[in-house]
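In the working numbering, the protein residues as written are 1256 to 1539.
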């Protein structure tokens, strides 16, 4: 009889441990089949049901044809819309897209993040010294004066502030994008904000850009050769295992999941344990 009474307790503890462990691990499993899409955090997570960014589209091209151009369908759409907007407003140059994520997410070399399909590297728009637009074919480091040296072509280039601002504006004004961060160097950030202010861009847009543009600290590089875009989880992604990190901004609100949306972990545990407890009581 003692064994019959004690067994449900052992089983309930095991179930509880498994469920909570699965919740912390944030990975798909038989105990968490609803985890899908962007799962976990940018620096610790995986990706399922990924979409691949095509090699070339309206206003953009891939830097390298590799297996690092996967993301959530939402992120792919963000890149496509932003690149197309620049191409329509200021035709003549292509946005060069670097690494996104691997097909199934997880760690990829040269990146601490890019693991859950919500990160991507967009090379900076550049022109010749005479102002002719070019399509960037490699990472070039932009200095405080807006100039860069192209090692491949052995020539100096100029940072295309106009096109880059159109890109940043498209990203921060895209309601579906929910931009969390635009990691970029301080000099590049300053040039973009100065450009926007001088041309009377909307104050709200400038404030958003100022809020999300940030130079990452060591050991990360300063990001003077590209913008690293990171988008926040949306509500559906949160319910499917995406973990919110960083500040919650007014225009990128992440609503708290409703307590009435479904059973909690404790509800699931109790639903499994209670029938066992009744059986044990009957055994007495």
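Just so it is clear, CB atoms sit at the ideal spot from N, CA and C, and this is done for glycine as well.
All values reported here derive from a predicted model rather than from experimental measurement.
| query | result |
| --- | --- |
| Under 9 Å between C-beta atoms of residue 1493 and residue 1464 | no |
| First through last residue of the alpha helix (DSSP H) which encompasses residue 1465 | 1458 to 1467 |
| DSSP state of residue 1381 mapped onto helix, strand, coil | strand |
| Euclidean distance between Cα positions of residue 1311 and residue 1462 | 32 Å |
| Sequence ranges, alpha helix (DSSP H) only - wholly within the segment 1320 to 1385, length at least 4 | 1328 to 1344 |
| Beta-carbon spacing of residue 1547, residue 1327 below 9 Å | Nothing about residue 1547 can be read from this structure; the chain reaches only from 1256 to 1539. |
| Straight-line Cα distance separating residue 1289 from residue 1533 | With a pLDDT of only 44 at residue 1533, under 50, the local geometry of the prediction cannot be trusted, and no value is derived from it. |
| Cβ-based neighbour list, residue 1368, same chain, cut-off 7 Å, excluding 5 preceding and 5 following | 1297, 1298 and 1374 |
| Buried versus exposed, by CB contacts within 10 Å (16 or more), residue 1385 | exposed |
| Inter-residue Cα distance where the pair is residue 1454 and residue 1447 | 11 Å |
| Expected contact under 8 Å - CB spacing of residue 1377 and residue 1352 to nearest Å | 6 Å |
| Own chain, CB closer than 6 Å to residue 1416, minus 5 neighbours either side, in chain order | 1446 and 1450 |
| Spatial distance of residue 1338 from residue 1432 (CA atoms) | 13 Å |
| Residues that DSSP places opposite residue 1414 in a beta bridge | 1381 |
| Residues near residue 1444 in its chain [Cβ-Cβ closer than 6 Å; skip 5 each side] | 1468 |
| When 1507, 1381 and 1497 are compared against residue 1401, the one with the closest alpha-carbon | 1381 |
| Cβ-Cβ distance between residue 1486 and residue 1333 below 9 Å | yes |
| Bridge partners - residue 1295, DSSP secondary structure assignment | 1300 and 1497 |
| Residue nearest to residue 1317 in terms of C-alpha spacing, selected from 1489, 1391 and 1387 | 1391 |
| Residue 1485: first and last residue of the uninterrupted beta strand (DSSP E) it sits in | 1481 to 1486 |
| Residues that DSSP places opposite residue 1389 in a beta bridge | 1381 |
| Coil, strand or helix - residue 1491 by DSSP | helix |
| Assumed close pair residue 1350, residue 1325 - CB separation to whole angstroms, cut-off 8 Å | Contact flag wrong, Cβ pair sits at about 18 Å. |
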